[in-house]
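So the structure is just underneath, and the comments pick up after that.
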Amino acid sequence: MTAIASKDPNGQYRAVQMVVGVTAGAVISYVFVTALRHFGINLKAMAWIDVMALLQGMVFAALGLIALAITMSPRLAGVQIEQATDAPPASRLELTLGRLQGVVLLLAGLLMLTPLLASELGMSGEQTPLLFAVIVVGYLLQTGVNLAIWQRADELMRAMIARTSAVSFWVLQGALFLAASAQKLGLLREFSLWTAMVITLGIYSVASLAIAKRVRYR
């Protein structure tokens, strides 16, 4: 979004937002887990890193769908931006940015869930190259949408993106060095690229939320 959200003096909006978010998340999680059981995927039998990836993918996809739903209404989008019930309707640019962010989050969730679920379902043979090609196309599409967001964003939003990337880079660089050193010394088991990717996205998400919250409520 292109505006800094102001504090809600009564805190009522944030409370309602939290309740709605938790409820929506619980419903989506229940539906998704039920669907996984229908296809024979047992969460208890999955590795912890795969469960973490599954949760991340579900959260990204759910947030993307919620963002797209909110931007269907300029009035609701304006309330979300300002975090106040008396906020003016969102502008066309704000709606566009909100929709693009929703698409990025939805694609991030789908891109993370696709290889994980394909592996759990035992997909192999001629299907895997085709699936990987689909993932590549999805990643290129997400990159294009991210570039579109950057081109339309104001200086504040660009600064937040740059700050999040910088913090994530330094944290991950240090973590990778320490992990590689411990592995070389035999103190840590070898870890896969999949594990590194899931942890990277987790750290980036935490950094993004922390920086956005600090800018929003300062």
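For the sequence shown, my numbering assigns the number 90 to the initial residue and increments by one for each residue that follows.
Glycine included, every Cβ here is placed at the ideal spot set by N, Cα and C.
For residue i and residue j, which I take to be in contact (beta-carbon distance under 8 Å), what is that distance rounded to the nearest angstrom?
{"i": "Ile238", "j": "Gln169", "result": "Their Cβ separation, rounded to whole angstroms, is 17 Å, which puts Ile238 and Gln169 out of contact at 8 Å."}
{"i": "Glu183", "j": "Ala156", "result": "Going by Cβ atoms, the distance from Glu183 to Ala156 rounds to 12 Å, so no, they are not a contact pair."}
{"i": "Tyr228", "j": "Leu195", "result": "That belief does not hold up - the Cβ atoms of Tyr228 and Leu195 are roughly 13 Å apart, past 8 Å."}
{"i": "Met147", "j": "Ser118", "result": "6 Å"}
{"i": "Ala268", "j": "Leu277", "result": "6 Å"}
{"i": "Leu245", "j": "Ile292", "result": "With a Cβ gap of about 23 Å, Leu245 and Ile292 do not count as contacting."}
{"i": "Leu132", "j": "Val122", "result": "7 Å"}
{"i": "Val287", "j": "Met135", "result": "Wrong, their Cβ atoms sit about 12 Å apart, outside the cutoff."}
{"i": "Gly263", "j": "Gly198", "result": "The Cβ separation is near 28 Å, so there is no contact."}
On the DSSP letters alone, give me the boundaries of the alpha helix (DSSP H) that residue i sits inside.
{"i": "Phe149", "result": "Trp137 to Ile159"}
Mark residue i as exposed unless 16 or more other C-beta atoms lie within 10 angstroms of its C-beta, in which case mark it buried.
{"i": "Thr160", "result": "buried"}
{"i": "Pro98", "result": "Note on Pro98: pLDDT 47, under 50, position unreliable in the model; no value is reported."}
{"i": "Leu274", "result": "exposed"}
{"i": "Gly233", "result": "exposed"}
{"i": "Phe149", "result": "buried"}
{"i": "Val225", "result": "exposed"}
{"i": "Gln145", "result": "buried"}
{"i": "Thr253", "result": "buried"}
{"i": "Glu215", "result": "exposed"}
{"i": "Val223", "result": "exposed"}
{"i": "Ala299", "result": "exposed"}
{"i": "Leu219", "result": "exposed"}
{"i": "Leu335", "result": "Since the displayed the chain opens at 90 and closes at 307, residue 335 lies outside it and no answer follows."}
{"i": "Glu279", "result": "exposed"}
{"i": "Ala248", "result": "exposed"}
{"i": "Val193", "result": "buried"}
{"i": "Ser213", "result": "exposed"}
{"i": "Ser208", "result": "exposed"}
{"i": "Leu143", "result": "buried"}
Let me know the secondary structure DSSP gives residue i once reduced to three states.
{"i": "Met212", "result": "coil"}
{"i": "Arg278", "result": "coil"}
{"i": "Gly291", "result": "helix"}
{"i": "Phe128", "result": "coil"}
{"i": "Ala242", "result": "coil"}
{"i": "Met90", "result": "Any reading at Met90 needs caution, since the residue's pLDDT is 35, under 50, leaving its predicted position unreliable; the model's value is listed next. Residue state, collapsed to three classes: coil."}
{"i": "Ala301", "result": "helix"}
Is residue i close to chain C, meaning its C-beta is less than 8 Å from at least one C-beta of that chain?
{"i": "Ser294", "result": "The question asks about chain C, but that chain is absent: this structure has only one protein chain."}
Could you give the uninterrupted runs of the alpha helix (DSSP H) lying entirely in the segment 159-235, keeping only those of 4 residues or more? 163-171 and 181-209
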